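In my numbering, the protein residues as written are 192 to 452.
Backbone N, C-alpha and C fix where the C-beta goes; we use that ideal spot for every residue, glycine too.
This structure is a prediction, so every number in the text was calculated from the model and none was measured.
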């Protein structure tokens, strides 16, 4: 409430009375105080102040930002308001369904289409899955913006750790080729080849106890076995050739049983 106006010399300034200068000065001073730009009267409807001023009908023009207004005559319906310092407030366009506002810390913020809908999911282009992952129990596959559950096969899943133990497992390679380093198998390990015929070309088979057991059908008539050691001992063995002929190169210390020559 400001300083209102109250009569000062009502009893002295009367018809038929002598009014002195002081009486008028008191009234003029009261009027001056009431209309002071800073401390003068307010329009609050109280005695000596003045009636309220209805802004809807009594004020015309645009109230600037400096005086508490927007500085704008119209604002976009549904648009987000942006400050412009001492300039007029501006409004963004209405956001589309699923858009949000993002900023860069310097310029005006912009609209970003981040979600599939106002109540949807974060799009995959922005790091989302576009799915309610609570619906999945396990692995989730994301492909082409859609998601689906990944069903793992039964049994053991082999990871990428340095050591994996596979018990009673079958390993199937895309090209039927499996490469094993020389240190990947222990002395007691074995590999079973399932196909009826296996071709080992220029390969060395090393047995832990220097013993290799072959069935009678394991070698064809044209097959051969190369023994790398300088001396080989064959105990209680029978060597049979397809044509009953054995060709021996220059070998020292070959003992033949007289009864078997």
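Going by Cα to Cα distance, which pick from the options is closest to residue i?
| i | options | result |
| --- | --- | --- |
| residue 276 | 284, 261, 270, 266 | 261 |
| residue 337 | 246, 314, 359, 328 | 314 |
| residue 224 | 304, 236, 198, 249 | 198 |
| residue 289 | 298, 207, 310, 272 | 310 |
| residue 258 | 273, 272, 278, 249 | 278 |
Between residue i and residue j, which are expected to be in contact by the criterion C-beta below 8 Å, what is the C-beta distance as a whole number of angstroms?
| i | j | result |
| --- | --- | --- |
| residue 270 | residue 284 | 6 Å |
| residue 194 | residue 230 | 5 Å |
| residue 307 | residue 316 | Between residue 316 and residue 307 the Cβ distance is about 11 Å, and since that is not below 8 Å, they are no contact. |
| residue 323 | residue 312 | 7 Å |
| residue 302 | residue 286 | 5 Å |
| residue 339 | residue 332 | 5 Å |
So, residue i versus residue j, is the Cβ gap smaller than 7 Å?
| i | j | result |
| --- | --- | --- |
| residue 251 | residue 264 | no |
| residue 232 | residue 244 | no |
| residue 204 | residue 210 | yes |
Return the CA-CA distance between residue i and residue j, expressed in angstroms with no decimal places.
| i | j | result |
| --- | --- | --- |
| residue 328 | residue 282 | 45 Å |
| residue 236 | residue 221 | 19 Å |
| residue 226 | residue 242 | 14 Å |
| residue 359 | residue 292 | 57 Å |
| residue 342 | residue 330 | 7 Å |
| residue 201 | residue 247 | 37 Å |
| residue 318 | residue 249 | 54 Å |
| residue 272 | residue 280 | 7 Å |
| residue 334 | residue 256 | 51 Å |
| residue 217 | residue 239 | 16 Å |
| residue 228 | residue 219 | 16 Å |
| residue 208 | residue 215 | 13 Å |
| residue 274 | residue 294 | 14 Å |
| residue 361 | residue 426 | 38 Å |
| residue 356 | residue 428 | 39 Å |
Per DSSP, residue i forms a beta bridge with which residues?
| i | result |
| --- | --- |
| residue 306 | 313 |
| residue 332 | 339 |
| residue 182 | With the chain running from 192 to 452 in the structure shown, residue 182 is simply not present. |
| residue 212 | According to DSSP, residue 212 bridges with nothing at all. |
| residue 301 | 293 |
| residue 282 | 272 |
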